[in-house]
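Chains as they are written, first to last, in our numbering: chain A, 1 to 427; chain B, 1001 to 1180. Comments concern the structure below.
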Amino acid sequence: MAPIDPASRRRALGFLRGGLMAAASMALAPVSASGTGTDGTAQGLPPDVPEWMRHPGRSILSPPYGVPSRYESGVVRRPPADFAFPGAAESLTPLQDLHGIITPNGLHYERHHAGVPDIDPDAHRLIVHGLVERPLIFTMNDLMRLPSVSRTHFLECAGNSWHLWEPEKVDPRWTVQHTHGLLSCCEWTGVRVADVLAEVGVKPAAQWVLAEGADAAAMDRSIPLAAMLDDAVLAYAQNGERLRPEQGYPVRLLLPGFEGNTNVKWLRRLKLGDAPFESREETSKYTELLPDGTALQFFFVMEAKSVITRPSGGQRLEGTGFHEIAGLAWSGRGRIRKVDVSTDGGESWHAAALQEPVMPKCLTRFRLPWTWDGRLALLRSRAEDETGYVQPTREQLAAVRGTNSHYHYNGIVTWRIDAAGAVSVAA
Amino acid sequence: MAGLAAAGLLAMAAATAQGPRYGIGRPATAEETAGWNIDVTPDGAGLPAGHGSVREGARIYALACASCHGANGGGGAVERGPPLAGGRGSLATAHPDKTVGSYWPYATTLFDYIRRAMPYNAPESLTADEVYAVSAYVLYLNGIVAEGAQLDADTLAKIRMPNRLGFKNAYQEETRGLWR
């Protein structure tokens, strides 16, 4: 007789018991699943036994792909405005409700130029051609056979915080989702662009690479070859699962630290050339108008920036005393070296603690313990990256860029806390 | 940026020095590439055979473009597509109006973008002749070509746009957003 493994026996019994109990609970579960009585008061608080302890909870696989608690239904992406063309629009990440640095895949901000295509990965191809020795065509299986890397990086839309260029138009009711929500951060997995380019062989004359998507805008940007060879990735996964359609399924370009739109989604083509291709998205759009009427072009890097996410616009401090100030800092040039926080509108600054690990071109969570005395407070954060670049004030930024740049706003934002504890944006 | 460029050069040497390392991916045929090779560059490379006139463009514009961009390219009143014409001289003012005529540095970009992305609800549906014609009409609305103009690969690439010199390459100049 074979010896009985106690562990496997326990597992078998547990399985049986779970199955029986699940069946029983379906028959016996009370109609009310709420912890709140009809008069609105909480039920089951100490010393009472809460309702959800009086019967087993729901079974496994309900649903097979898990979703957040129904009590978190307010944590969703939101649009900043109504759009004439909902496919050529954006939605914002609810930064005020997130913790740590990772953005859940369903909450990653969106910016599309002609909607989200529904792409069968078996019918998707990537062509790499132009100034190369061997033009090649790759299937998704081909790309996934190549050596893979995983890297955690933020993505920020070039237009994030663009309203703050014109503070007179800022609505004081806005939350950090409205002011900074075109910002997300994921662990991305894919193949190094350098490995793909080694397969095709780059001709010496090549300097720029056109990246083109398989969406209805065939959205395209020119990228310097040096940046493509440095740390660019053809990403097919985010946060452990395949890309979401909104983030470029089945494969996108990931250019760490570069403005969001250059990270071309639904990537179908890379073409090597000796000069920029001058697409509409790098001439008419995503260029920054200066006061003299000229514009910056190919201003790729998202520069050091930070924002306090708690407390932030629309929130209310529940009483005086201890509150943790927490926020996010990031730089497209590398690691965040320091974040200073002010509670008096910039009169005095205090160094915040940075959550380890601090990774390059990645969101960094900062925190500062604070005791609120119940008086008016003006909260600000100021990031410095490892190159020594210090996040500017709005006035410093406007002095050199004017107020018609539209893109690449990385000025310091102020949250105003009134005597009642209500937080609003003071731009 | 210097570090990035140096790392790029090293990787570039690796990408050019040898044959394929993994032998993954198959040769792309000329036919396959041709169908997807839709970009048009300022030197005119990528422009197809064909031609179109301002007059033909006006007819196509009325059918396929005006509902969003307005009858004369001034922007749609209902569908709110961006304005395509006007705005000359406004870029250095408090209210810049960035249109094809006031802002776009290359006429080739107009052909490229209309072909790849317009009309919004039916991209890549216009023939090459139709794209030439609509490009000609939008340039006419901006006073850049005459009412009798006809465009083809040669004439389109030769057009010099009013704001041709209006851009600074921030990547090459390490502008860093002008704030350090």
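Backbone N, C-alpha and C define an ideal beta-carbon position, used for all residues, glycine too.
Is V1159(B) near D142(A), with beta carbons less than 8 Å apart?
Looking up residue 1159(B) in the second sequence gives position 159. Looking up residue 142(A) in the first sequence gives position 142. The sequence shown places Ile at residue 1159(B), rather than the Val named in the question. Not closer than 8 Å, so no.
Determine whether the Cβ of A1170(B) lies closer than 8 Å to any Cβ atom of chain A.
Here residue 1170(B) refers to the residue found at position 170 when the second sequence is read from its first residue. Closer than 8 Å: yes.
C-alpha distance - W370(A) paired with G321(A), whole-angstrom precision:
The sequence position of residue 370(A) within the first sequence is 370, counting from 1. The sequence position of residue 321(A) within the first sequence is 321, counting from 1. The alpha-carbon atoms of W370(A) and G321(A) are separated by roughly 8 Å.
For the segment 118-151 of chain A, list every residue whose C-beta sits within 7 Å of some C-beta in chain B, in sequence order.
Shown in chain order are the members of the segment 118-151 of chain A whose Cβ falls below 7 Å from a Cβ of chain B: I127, H129, R134, P135, L136, I137, F138, D142, R145 and L146.
Report the three-state DSSP secondary structure of S32(A) (helix, strand or coil).
The residue you call residue 32(A) lines up with position 32 of the first sequence. Confidence is the limiting factor: at S32(A) the pLDDT is only 41, short of 50, which leaves the residue's position unreliable, though a coordinate-based value still follows. When DSSP states are grouped into helix, strand and coil, S32(A) belongs to the coil group.
Three-state secondary structure (DSSP) at F299(A)?
Mapped onto the first sequence, residue 299(A) falls at position 299. DSSP places F299(A) outside both helix and strand once states are collapsed to three, so it counts as coil.
Give a yes or no on contact between the segment 113-129 of chain A and the segment 256-274 of chain A, applying the rule of three or more CB pairs nearer than 8 Å.
Judged by Cβ distances under 8 Å, the segment 113-129 of chain A makes contact with the segment 256-274 of chain A, as three or more pairs qualify.
When DSSP builds the beta bridges, which residues end up paired with Q391(A)?
Along the first sequence, read from residue 1 onward, the residue named residue 391(A) stands at position 391. Per DSSP, none; premise fails for Q391(A).
Per-residue DSSP class, three states only, for A42(A)
For the purposes of this step, residue 42(A) is identified with residue 42 of the first sequence, where counting begins at 1. Here A42(A) sits in strand by DSSP.
Spatial distance of G153(A) from M359(A) (CA atoms):
Looking up residue 153(A) in the first sequence gives position 153. Looking up residue 359(A) in the first sequence gives position 359. Looking at the sequence shown, residue 153(A) is not Gly but His. Looking at the two C-alpha atoms, the distance is approximately 8 Å.
Work out the CA separation of E72(A) and H180(A) for me, nearest whole Å.
Residue numbering aside, residue 180(A) sits at position 180 when the first sequence is read from its first letter. Residue numbering aside, residue 72(A) sits at position 72 when the first sequence is read from its first letter. One Cα belongs to H180(A), the other to E72(A), and the distance between them is close to 21 Å.
Can we say the segment 166-185 of chain A touches the segment 88-95 of chain A, given the rule of at least three CB pairs closer than 8 Å?
When Cβ pairs closer than 8 Å are counted between the two stretches, the segment 166-185 of chain A is seen to touch the segment 88-95 of chain A, the count reaching three or more.
Helix, strand or coil: which one does DSSP assign to Q247(A)?
Counting from 1 along the first sequence, the entry for residue 247(A) is found at position 247. Assignment of Q247(A) by DSSP, reduced to helix, strand and coil, places it in the helix class.
Contiguous alpha helix (DSSP H) assignments of at least 4 residues, all confined to the segment 1025-1055 of chain B
List check, alpha helix (DSSP H) in window: 1030-1036.
Against chain B, does K271(A) count as a neighbour if the rule is that its beta carbon must be under 8 Å from one of theirs?
In the first sequence, counting from the first residue as 1, residue 271(A) sits at position 271. For K271(A), the nearest beta carbon of chain B is closer than 8 Å to its own beta carbon.
Is there a Cβ of chain A sitting closer than 8 Å to that of A1028(B), yes or no?
The residue labelled residue 1028(B) in the question sits at position 28 within the second sequence. Cβ-Cβ to chain A under 8 Å: yes for A1028(B).
Tell me the DSSP bridge mates of D97(A)?
Taking the first residue of the first sequence as 1, we reach residue 97(A) at position 97. Paired residue(s): none; D97(A) is not in a bridge.
For chain A, find out if any of its Cβ atoms is closer than 8 Å to the Cβ of R1180(B); answer yes or no.
Here residue 1180(B) refers to the residue found at position 180 of the second sequence. Low local confidence applies: a pLDDT of 47 at R1180(B) is under 50, so the model's placement there is unreliable, with the coordinate-based value given in what follows. Among the CB atoms of chain A, one or more fall inside 8 Å of the CB of R1180(B).
In chain order, which alpha helix (DSSP H) runs of at least 4 residues are fully inside the segment 322-407 of chain A?
Counting only runs of 4 or more, we get 394-401.
On the CB-based measure, 16 or more other CB atoms within 10 Å of its CB, does F366(A) come out buried or exposed?
As a first step, residue 366(A) is located in the first sequence; it is residue number 366 there, counting from the start. With 16 or more Cβ atoms within 10 Å of its Cβ, F366(A) is classed as buried.
Report all residues from its chain with a CB closer than 6 Å to the CB of A217(A); omit the five preceding and five following residues, and keep chain order.
On the first sequence, residue 217(A) is found 217 positions in, with the first residue counted as 1. Here the set comprises H113 and A114.
Any beta carbon from chain B within less than 8 Å of Q297(A)'s own beta carbon?
Stepping through the first sequence from its first residue, residue 297(A) is reached at position 297. At least one chain B Cβ lies under 8 Å of Q297(A).
Minimum Cβ-Cβ distance from I1024(B) to chain A less than 8 Å:
Here residue 1024(B) refers to the residue found at position 24 of the second sequence. Yes, I1024(B) lies at the interface with chain A (some Cβ there is under 8 Å from its Cβ).
Whole angstroms is fine: what's the gap from A1085(B)'s alpha carbon to G260(A)'s?
On the second sequence, residue 1085(B) is found 85 positions in, with the first residue counted as 1. On the first sequence, residue 260(A) is found 260 positions in, with the first residue counted as 1. Those two C-alpha atoms are separated by around 28 Å.
Decide if the segment 1082-1097 of chain B is in contact with the segment 283-299 of chain A; the criterion is three or more beta carbon pairs, one per stretch, under 8 Å apart.
Because the criterion of three Cβ pairs below 8 Å is met, the segment 1082-1097 of chain B and the segment 283-299 of chain A touch.
Is there a C-beta anywhere in chain A that falls below 8 Å from the one on P1083(B)?
Here residue 1083(B) corresponds to residue number 83 of the second sequence, with the count starting at 1. With its beta carbon at least 8 Å from every one in chain A, P1083(B) lies outside the interface.
Within the continuous alpha helix (DSSP H) that includes R1116(B), where are the two ends?
Along the second sequence, read from residue 1 onward, the residue named residue 1116(B) stands at position 116. Run containing R1116(B): A1107 to A1117, per the alpha helix (DSSP H) assignment.
Quick one: grab the DSSP three-state call for W188(A).
As a first step, residue 188(A) is located in the first sequence; it is residue number 188 there, counting from the start. Strand.
Along the chain, where does the beta strand (DSSP E) containing H55(A) start, and where does it finish?
The residue you call residue 55(A) lines up with position 55 of the first sequence. For H55(A), there is no enclosing beta strand (DSSP E), since its DSSP letter is neither H nor E.
Are the Cβ atoms of P1020(B) and Y1106(B) separated by less than 8 Å?
Locating residue 1020(B) in the second sequence gives position 20, where the first residue counts as 1. Locating residue 1106(B) in the second sequence gives position 106, where the first residue counts as 1. No. Outside cutoff.
Determine whether the Cβ of T294(A) lies closer than 8 Å to any Cβ atom of chain B.
Translated into the one-based positions of the first sequence, residue 294(A) becomes position 294. Yes, T294(A) lies at the interface with chain B (some Cβ there is under 8 Å from its Cβ).
Alpha carbon to alpha carbon, what distance is there between L378(A) and A426(A)?
Position 426 of the first sequence holds residue 426(A). Position 378 of the first sequence holds residue 378(A). Spanning the two alpha carbons is a distance of roughly 8 Å.
8 Å contact criterion, which G293(A) and S306(A) should meet: CB distance rounded
By one-based count along the first sequence, residue 293(A) stands at place 293. By one-based count along the first sequence, residue 306(A) stands at place 306. Not quite, the Cβ-Cβ distance comes to about 31 Å (not below 8 Å), so this is no contact.
L389(A), buried or exposed, once every other Cβ within 10 Å from all chains shown has been counted against 16
Residue numbering aside, residue 389(A) sits at position 389 when the first sequence is read from its first letter. Reading off the sequence shown, one finds Tyr at residue 389(A), where the question assumed Leu. With 16 or more Cβ atoms within 10 Å of its Cβ, Y389(A) is classed as buried.
Using a threshold of 8 Å, state whether the C-beta atoms of I336(A) and R380(A) are closer than that.
The residue you call residue 336(A) lines up with position 336 of the first sequence. The residue you call residue 380(A) lines up with position 380 of the first sequence. Judged by their CB atoms, I336(A) and R380(A) are not nearer to each other than the 8 Å cut-off.
Which same chain residues end up closer than 7 Å to T393(A) when comparing Cβ atoms and leaving out the 5 residues on each side of it in sequence?
On the first sequence, position 393 is the one that residue 393(A) refers to. For T393(A), same chain residues with a beta-carbon under 7 Å away, outside a window of 5 residues either side, are G411 and I412 in chain order.
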